[in-house]
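Student: Right, I'll just put the structure down here and ask away after.
Residue numbers (the working numbering): 5 to 353.
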């Protein structure tokens, strides 16, 4: 059940007026209509890749925000075009409310990106947080919206060069809350490594870590560096520079007791993110996690050489789950990301 308005040559004021009129008509016809307003999401994407982004957003499922402003960039365009859709998620049932969804699609040219804040501002719900996501670049458009948005969704994996990616993320954290998909891809690994040392008997082993070996997809170095940055920031290590050679990145983190060798190695894998992590202790003990069917394969080798392995179920959420978690994180705050980002920057900048 959906109402549609569209106009080829329009203005932000006319789009806002259409939104207000459609809501008034919807409430008049359907008193049980309730907009599911959690936040605004502004997506900036190439027009030709609209279908790809829509498919990714479709997989977000229940985490999808109610007010979606889709900015589609058509480089040669000179006029602003728009469509507005106001409708419900499911067909109305007797005695129940109708949960509403709102979507504004804008067709803009490159010249519109320089004043995107004035175009988008009237179209967002002012009492809600606004998140901006630009999966195809357009950093200048994101910067135009920084005064309007509270949250920026990025994927450090998409930038050309990991140094540039981390610097860009750091810049965005100055005035917005950054949700980084490259960081979220390491979440299962961070959770399970933390759990491996969580018992009182294992806590002292954290001070005996001598090496960290991270295996990642070739384009996911940012996820590996953020994982190492997380360890460094949480355990008080001083991160040193990592250098590339022989197909891998190596470096050293420093503590008062000892140095920790860091290795980041690209491997063949289908999904972006991490493929495996091995933590070594000075005593010769190791804790490893690796991707496996059904979850992560965990193994622990004790100092006497005895090794045991088990499967951690349900660790992988897929890229749809990662994006859904990114949308959910917009309403939360992760205090560990920025310290990890700073430590990762120190390794490459």
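Glycine included, C-beta positions come from ideal geometry on N, C-alpha and C. Because the structure is a prediction, the values reported are computed rather than measured.
If I measure Cβ to Cβ from residue 177 and keep anything under 6 Å in the same chain, skipping five residues before and after, which residues do I get?
Tutor: Within the chain shown, numbered from 1, the residue matching residue 177 stands at position 173. So the qualifying residues of the chain are 342.
Student: Going by C-alpha distance, which of 274, 251 and 244 is nearest residue 266?
Tutor: Counted from its first residue, the chain shown places residue 266 at position 262. Selected option, being the one with the closest Cα: 244.
Student: For residue 247, count neighbouring Cβ atoms within 10 angstroms of its own Cβ and tell me buried if that reaches 16, exposed if not.
Tutor: One-based indexing of the chain shown puts residue 247 at position 243. Classification for residue 247: exposed.
Student: Helix, strand or coil, according to DSSP, for residue 83 in the structure here?
Tutor: For the purposes of this step, residue 83 is taken as residue 79 along the chain shown, with counting starting at 1. Coil, per DSSP.
Student: Please list, in chain order, all residues of the same chain as residue 24 whose beta carbon is under 8 Å from its beta carbon, the five residues on each side excluded.
Tutor: As a working note, residue 24 is residue 20 in the chain shown. Counting only Cβ-Cβ distances below 8 Å, and skipping sequence neighbours, we find nothing.
Student: What's the C-alpha gap between residue 42 and residue 111?
Tutor: Translated into positions along the chain shown, residue 42 becomes position 38. Translated into positions along the chain shown, residue 111 becomes position 107. One C-alpha to the other measures close to 25 Å.
Student: Report yes or no: is there a C-beta of chain D within less than 9 Å of the C-beta of residue 140?
Tutor: Absent from the structure is chain D; it holds one protein chain and no more.
Student: Which same chain residues, not among the five before or five after residue 72, have their C-beta less than 6 Å away from its C-beta?
Tutor: What you label residue 72 is simply residue 68 of the chain shown in a count that begins at 1. Closer than 6 Å at Cβ, skipping near neighbours: 45 and 107.
Student: Return the residue from the list 216, 298 and 273 that minimises the CA-CA distance to residue 254.
Tutor: On the chain shown, residue 254 is found 250 positions in, with the first residue counted as 1. Comparing Cα positions, the closest option is 216.
Student: Buried or exposed for residue 116, going by 16 or more other Cβ atoms inside 10 Å?
Tutor: Mapped onto the chain shown, residue 116 falls at position 112. So residue 116 counts as buried.
Student: For residue 121, which residues from the same chain have a beta carbon less than 6 Å from its beta carbon, with the 5 sequence-adjacent residues on both sides left out?
Tutor: On the chain shown, position 117 is the one that residue 121 refers to. Hits under 6 Å: 148, 149 and 152.
Student: Quick check on DSSP: helix, strand or coil for residue 151?
Tutor: To locate residue 151, count along the chain shown from 1; it is residue 147. Correct three-state label for residue 151: coil.
Student: Any idea what DSSP makes of residue 145, helix, strand or coil?
Tutor: For this step, residue 145 is matched to residue 141 along the chain shown. It is helical.
Student: Just the C-alpha distance for residue 263 and residue 57, rounded to the nearest angstrom, thanks.
Tutor: Residue mapping note: residue 263 aligns to position 259 of the chain shown, counting from 1. Residue mapping note: residue 57 aligns to position 53 of the chain shown, counting from 1. Near 44 Å, if we compare the C-alpha coordinates of residue 57 and residue 263.
Student: Would you check if the distance between the CB atom of residue 70 and the CB atom of residue 39 is smaller than 9 Å?
Tutor: As a position in the chain shown, residue 70 is number 66, starting the count at 1. As a position in the chain shown, residue 39 is number 35, starting the count at 1. For residue 70 and residue 39, yes; Cβs fall inside 9 Å.
Student: Who does residue 226 pair with in a DSSP beta bridge?
Tutor: Reading the chain shown from its first residue, position 222 is the one you call residue 226. Beta-bridge pairing links residue 226 to no other residue.
Student: Does the separation of the CB atoms of residue 124 and residue 16 fall below 9 Å?
Tutor: Along the chain shown, read from residue 1 onward, the residue named residue 124 stands at position 120. Along the chain shown, read from residue 1 onward, the residue named residue 16 stands at position 12. In this structure, residue 16 lies closer than 9 Å to residue 124 by Cβ.
Student: Count the other CB atoms, across all protein chains shown, that sit within 10 Å of the CB of residue 8; report buried if there are 16 or more and exposed otherwise.
Tutor: The sequence position of residue 8 within the chain shown is 4, counting from 1. With fewer than 16 Cβ atoms within 10 Å of its Cβ, residue 8 is classed as exposed.
Student: Under the three-state reduction of DSSP, which class applies to residue 105: helix, strand or coil?
Tutor: Sequence index remark: in the chain shown, residue 105 carries index 101 (1-based). It is a strand residue.
Student: How close, in whole Å, do the beta carbons of residue 114 and residue 79 come, if the pair is a contact with beta carbons under 8 Å?
Tutor: Along the chain shown, read from residue 1 onward, the residue named residue 114 stands at position 110. Along the chain shown, read from residue 1 onward, the residue named residue 79 stands at position 75. That belief holds up - the Cβ atoms of residue 114 and residue 79 are roughly 5 Å apart, short of 8 Å.
Student: In chain order, what residues of the same chain have a beta carbon less than 7 Å from the beta carbon of residue 167, not counting five sequence neighbours either side?
Tutor: As a working note, residue 167 is residue 163 in the chain shown. If we look at residue 167 and ignore the five residues flanking it on each side, its Cβ neighbours are 352 and 353.
Student: Is there at least one non-hydrogen atom of the ligand NAD closer than 8 Å to the beta-carbon of residue 175?
Tutor: With respect to the ligand NAD, the structure offers nothing, as it holds no ligand at all.
Student: Where does residue 263 sit, in a helix, a strand or coil, going by DSSP?
Tutor: Counting from 1 along the chain shown, the entry for residue 263 is found at position 259. Three-state result, residue 263: strand.
Student: Could you compute how far the alpha carbon of residue 261 sits from the alpha carbon of residue 55?
Tutor: Your numbering for residue 261 matches position 257 in the chain shown. Your numbering for residue 55 matches position 51 in the chain shown. Their Cα atoms are separated by approximately 54 Å.
Student: List the endpoints of the continuous beta strand (DSSP E) containing residue 255.
Tutor: The count along the chain shown starts at 1 and reaches residue 255 at position 251. Unbroken beta strand (DSSP E) run through residue 255: 252 to 258.
Student: From the DSSP output, read off the bridge partner residues of residue 340.
Tutor: Residue mapping note: residue 340 aligns to position 336 of the chain shown, counting from 1. Its beta-bridge partners do not exist; DSSP assigns none.
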